[in-house]
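Presented below is the structure to which this report refers.
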């Protein structure tokens with residue numbers, strides 16, 4: 001009788017390396033290791049060999065970077081998504097793509113289950129499993145961190161490190177640097193270990209070695225650098241006059257942002273599962289793109305359309321953060337977002353300087369800004385009669401006056 005096949009989301013890190021070995025032993029199953037190349041770069045070096053050495057029967061390492069940029073990052077940035085006013089959702093937006101590909105591999109390989117190394121206290125377990133529920137409700141999901149026997153065997157990272165050493169599995173995590181990292185094309189995140197203390201200063205000079213994508217603002221160049229981003233229908237299509245694919249845009253902006261210390265965020269956020277957690281993020285290219293896109297919208301987007309879209313940002317960001325990328329409500333909002341972006345076309349010039357992204361110029365063939373109308377001088381178009389403001393103000397003040405008079409009677 002053929003063994004059960006399980007597709008494991010495999011990063012080569014401490015957790016998934018231990019889980020691969022544990023799944024094989026516990027379920028007596030074939031473990032198909034899957035790694036999505038979404039911009040981890042050197043983290044992928046030697047991954048295939050490591051997976052086979054750890055016990056995988058088959059290994060997939062799929063280059064999904066262009067799809068990630070085009071079909072996930074760009075639509076999310078068109079929506080202006082920002083979770084709790086700070087987080088650009090770098091980890092959140094990667095999970096539905098990974099889970100989508102896992103399901104595809106499971107179908108192709110005849111696997112009955114997929115597995116992931118997301119902790120039972122985190123958001124990723126929800127993101128993986130809601131995606132699987134949306135795309136393949138018949139496929140079983142194995143989450144070792146929610147299995148009591150697994151937690152008893154590995155109550156902490158020290159036990160996992162010891163297990164890895166016992167089985168000859170090389171891992172980067174050590175007792176001296178126990179924090180975890182998650183890297184992709186959009187960002188890199190750091191959490192756990194010493195970062196669990198919210199009073200710990202992750203920006204201190206003594207902790208600069210932790211960062212990967214960016215220099216500290218203090219170490220950034222003393223001279224600013226200008227960059228021009230060209231947009232078509234809400235998507236960046238060129239940088240400094242050079243046409244680029246979404247992937248190339250992200251890579252170039254990461255290079256520029258990292259050079260100038262842009263995009264570091266240290267925040268305590270509200271996880272979907274109910275607790276607060278502290279995360280440190282580097283999102284250099286995403287921060288530049290987010291700022292440029294917003295500036296382009298300010299010149300080209302109708303006021304009421306913008307305000308309607310903006311009213312949906314908290315909802316959209318929460319849907320991404322909580323794992324509902326393939327939910328019908330996210331798709332419905334995305335349709336509105338796509339419509340809103342039709343005229344977000346033009347060029348944004350930015351100045352990058354020591355962690356700051358500074359607006360330095362806007363232009364568009366479909367600009368809604370008319371200097372003849374906005375001028376404080378005489379309007380040559382006569383499109384706006386200042387005298388009309390008297391009635392406009394009077395009508396808007398009416399309810400305020402009525403309320404004030406009514407309240408005065410109660411005093």
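Residue numbers (UniProt numbering): 1 to 411. Each residue gets a CB set at the ideal place from its N, CA and C atoms; glycine is no exception.
**Message:** Can you give me the C-alpha to C-alpha distance between residue 2 and residue 111, rounded to a whole angstrom?
**Reply:** So the two alpha carbons sit approximately 11 Å from each other.
**Item:** Reduced DSSP secondary structure (H/G/I, E/B, other) of residue 180
**Value:** Correct three-state label for residue 180: strand.
**Asked** So, helix, strand or coil for residue 18, using DSSP?
**Response** Residue 18 falls in the helix class under three-state DSSP.
**Request:** Could you check which residue in 187, 262 and 406 has the C-alpha nearest to that of residue 350?
**Result:** Taking only the C-alpha atoms, the option nearest residue 350 is 262.
**Item:** Proximity below 8 Å, CB of residue 75 to CB of residue 334
**Value:** Yes.
**Asked** Can you tell me the Cα-Cα spacing of residue 258 and residue 315, whole angstroms?
**Response** Within the model, the alpha-carbon separation for residue 258 versus residue 315 is close to 30 Å.
**Prompt:** Between residue 229 and residue 292, is the Cβ-Cβ spacing less than 8 Å?
**Reply:** Going by C-beta atoms, residue 229 is nearer than 8 Å to residue 292.
**Prompt:** Sorted by chain position, which residues of the same chain lie with C-beta nearer than 8 Å to residue 136's C-beta, five sequence neighbours on each side aside?
**Reply:** Excluding residues within five positions, the ones whose Cβ falls inside 8 Å are 103, 106 and 107.
**Prompt:** Among all the DSSP beta bridges, which residues are the ones paired with residue 30?
**Reply:** Paired residue(s): 5.
**Asked** Over what stretch of residues does the beta strand (DSSP E) that includes residue 190 continue unbroken?
**Response** Where residue 190 is concerned, the enclosing beta strand (DSSP E) stretches over 188–191.
**Message:** Could you check whether residue 9 and residue 116 sit closer than 8 Å to each other, using their CB atoms as the reference points?
**Reply:** Yes, the pair counts as a contact, with Cβ atoms nearer than the cut-off.
**Message:** Quick check on this structure: which residue in 64, 270, 214 and 319 has the alpha carbon closest to the alpha carbon of residue 287?
**Reply:** The shortest CA-to-CA distance from residue 287 to any of 64, 270, 214 and 319 is the one to 214.
**Message:** Do residue 127 and residue 279 have their beta-carbon atoms positioned less than 8 Å apart in this structure?
**Reply:** Their beta carbons are not under 8 Å apart, which means residue 279 does not touch residue 127 by this criterion.
**Asked** Going by other Cβ atoms of all chains shown within 10 Å of its Cβ, with 16 needed for buried, is residue 399 buried or exposed?
**Response** Exposed, since its Cβ has fewer than 16 Cβ neighbours within 10 Å.
**Runs of alpha helix (DSSP H) wholly within the region 265–339 (minimum 4 residues, chain order)** = Annotation: the region 265–339 contains the following complete segments of the alpha helix (DSSP H) (minimum length 4 residues), in chain order: 284–300, 303–311 and 313–322.
**Message:** So, with DSSP's three-state summary, where would you put residue 122?
**Reply:** Assigned with DSSP and collapsed to three states, residue 122 falls in coil, not helix or strand.
**Prompt:** Taking the alpha-carbon positions, what's the residue 185 to residue 31 distance?
**Reply:** Whole-angstrom Cα-Cα distance: 27 Å.
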